[in-house]
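Contents: one structure, followed by commentary.
Numbering (UniProt numbering), first residue to last: 1 to 461.
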C-alpha cells in the first residue's frame, strides 16, 4: 500500500535512509514514517496513524446513485470500518475512523487515480465496465451493490480483469459475505462466472469458496448438503477431467498443483471416474507398488479413499514416514459417524502418539458427522487430554475440535462445558474459536433462505 502510494523510487529511497540512519539501533514505526516524509514531502505519519493505531481496516461500499426519475447520476463511494464479525458495519457508526485512501479506478476510458480523504464521495458513472481499486493497490475491502457486482463479474468473465483483481475480488466477496455485507448467492454467482477464467489461482479460489459454503451450511439438513455437493461436482468435475490426474516430471509446479486440487475437489464431491481411479491406484499401492501413486497426489487420493479400512493398514505398515502422516491425516475424513468413532478411539493409545493426535483430527470438522463425533469424544476425554499432552498440542487439538462446530446449540454446549473448568492453558484459543463459531453461525442463519433460493433457481433443489 505504501509502495503504491509513494512510488517505487521514493519508497526505496526512504527505506534506505531509514536503514542507514538507524543501523544497529532499536526503532519505532514513527522513525520509518519520518524517513519517508523527508524523501517525499508527504504526511506519511498522519496517514499511517489510523492504519496502525485503530482496530480493523476499511470497507468501501459502492452502490449507484440515482435521481428522482431513476436515472443513474453517479457511483457513490462510502467508507466504513470493516471487522470480520460485522458487528460494527453500520452506516452511521461515529466510531468508525476515516482512512486516507488512494486507489486506481479502471473503466473503458482508462485508469484514474482517486484520493479519498473523506467519509463518502460521488464519482461520474462509467458507461461500461469498471473496477474500483484496480490491481489491488489500496488496502481495503470493496463491497459492490448487487447490480454493480453483476457488471464487474461479467467484465471479469470476458477477461477485463487482471489475475490480481480476480483473486482479490473473490477474497473480498468471501470476507464480506461472512461478515454480512453481501449475500452468499453473490459468492455463488462469482464461482459460476469465474469458471470461464483459465487460471489455477482463480480455480483455487473457486474450490475454497465452495468448500467454505459447504462447511458453513453442513448443519442445515441433508437436502441442502446434497444440493451443494452436486453444485461442487458440476463446477469442478469438468476442469478435473480436462486436466486429468496423470503427473509427469515435465509438468510445471503450478500445473501439478492445479491437477491435484481439481482431482481432490471433484473426487470428494463424488466424481465417479475420479473415485474409481483413486481406488484403483490405492489397490495397486496396497498390493506392494510403492511408486504407483505420485507423491504430489497422495494426500488428495488418500482423502478420497479414506472410507476404506485399508487406509489404516497403510498407515500401520508403511515404511515411508511422509506417507504414514498423510494416511493418518486422511483418516479424519471417515464418511460416517460409526467409522469416525472407531477412528477417534485410536487417540490417547499406543497406536497414535499423543503429539500426533492433531494430525488425526484436523480434517474431521469438514463433515457433519465427524465434527459432532469429535466434539463428543473431546467432552468425554477432556481430562485425559489435559493430563496426557503438552499445552501447545492441547491448544491445537482444541482448535480442531471446535473448528467444525457453529450451530447455536453447539456454541452453548461448548460454553457450558468449559464454564466450570480451568481453561488457563487454552483460554486464548477458546475465545478465538468461540468468536469464529459465532461468525459462522450468523453467516449460516442470515443467508440460509438466500442459498436455498439460489440453489432452487439453478436446479439443485
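Where is the CB? At the ideal position from N, CA and C, for every residue including glycine.
Scanning the segment 193-222 from its first residue to its last, the whole alpha helix (DSSP H) runs of 4-plus residues come out as 200-216.
Contact check for residue 259 against residue 270 fails: the beta carbons are separated by 8 Å or more. Per DSSP, residue 20 lies in no beta strand (DSSP E) segment; the continuous alpha helix (DSSP H) that holds it begins and ends at 8-21. Rounded to whole angstroms, the separation of the alpha carbons of residue 418 and residue 379 is 10 Å.
Between the segment 404-413 and the segment 357-373 there are three or more C-beta pairs closer than 8 Å, enough to call the two in contact. For residue 35 against residue 24, the beta-carbon gap comes to about 16 Å, at or over 8 Å, which does not count as contact. Under the three-state reduction of DSSP, residue 446 is assigned to helix. Comparing alpha carbon positions, the residue from 409, 337, 347 closest to residue 384 is 347. Between residue 10 and residue 40, the CB-CB gap stays under 8 Å. Residue nearest to residue 182 within the set 53, 446, 458, 455 is 446 (criterion: CA-CA distance).
By the C-beta density criterion, residue 58 is buried, having at least 16 other C-beta atoms within 10 angstroms.
Along the length of the segment 309-361, whole alpha helix (DSSP H) runs at least 4 residues long occupy 310-317, 321-330, 337-344, 357-361, reported in chain order.
In terms of CA proximity to residue 440, 85 leads the group 85, 274, 257, 335. Residue pairing by DSSP places residue 110 opposite 107 in a beta bridge. DSSP, read as helix, strand or coil, puts residue 236 in helix. Annotation for residue 58: the continuous beta strand (DSSP E) segment containing it runs 57-62. Judged by DSSP in its simplified three-state form, residue 1 adopts coil rather than helix or strand. Taking one beta carbon from each stretch, the segment 204-211 and the segment 227-236 have 3 or more pairs nearer than 8 Å; the two touch. Rounded to whole angstroms, residue 375 and residue 355 show a C-alpha spacing of 19 Å. Annotation for residue 397: the continuous alpha helix (DSSP H) segment containing it runs 391-403. Within the same chain, 139 come within 6 Å of residue 1 by CB-CB distance, once the 5 residues on both sides are set aside. Contact annotation: residue 306 and residue 318 have beta-carbon atoms that are not nearer than 8 Å. Per DSSP, the continuous beta strand (DSSP E) segment holding residue 120 begins and ends at 120-123. For residue 48 and residue 123, the gap between their C-alpha atoms comes out near 25 Å. Bounds of the alpha helix (DSSP H) holding residue 49 are 44-53. A distance below 8 Å between beta-carbons, with the five flanking residues on each side excluded, links residue 450 to the following residues of its chain, in chain order: 183, 184, 185. By the Cβ rule, the segment 126-142 counts as touching the segment 101-110, because three or more pairs are nearer than 8 Å.
Around the Cβ of residue 178, a 10 Å sphere holds 16 or more other Cβ atoms; the residue is buried. Secondary-structure assignment with DSSP links residue 143 through a beta bridge to 61. Within the model, the alpha-carbon separation for residue 261 versus residue 204 is close to 7 Å. By the neighbour-count criterion, in which 16 or more other beta carbons inside 10 Å mark a residue as buried, residue 3 falls on the exposed side. In the DSSP annotation of this structure, residue 256 is not part of any beta strand (DSSP E); the continuous alpha helix (DSSP H) holding it starts and ends at 253-268. Remark: C-beta atoms of residue 187 and residue 174 approach each other more closely than 8 Å. Bounds of any alpha helix (DSSP H) do not take in residue 292, whose DSSP letter is neither H nor E. In summary, residue 389 is buried, with 16 or more beta-carbon neighbours lying within 10 Å of its beta-carbon over all protein chains present. Residue pairing of residue 74 in beta bridges, as defined by DSSP: 65.
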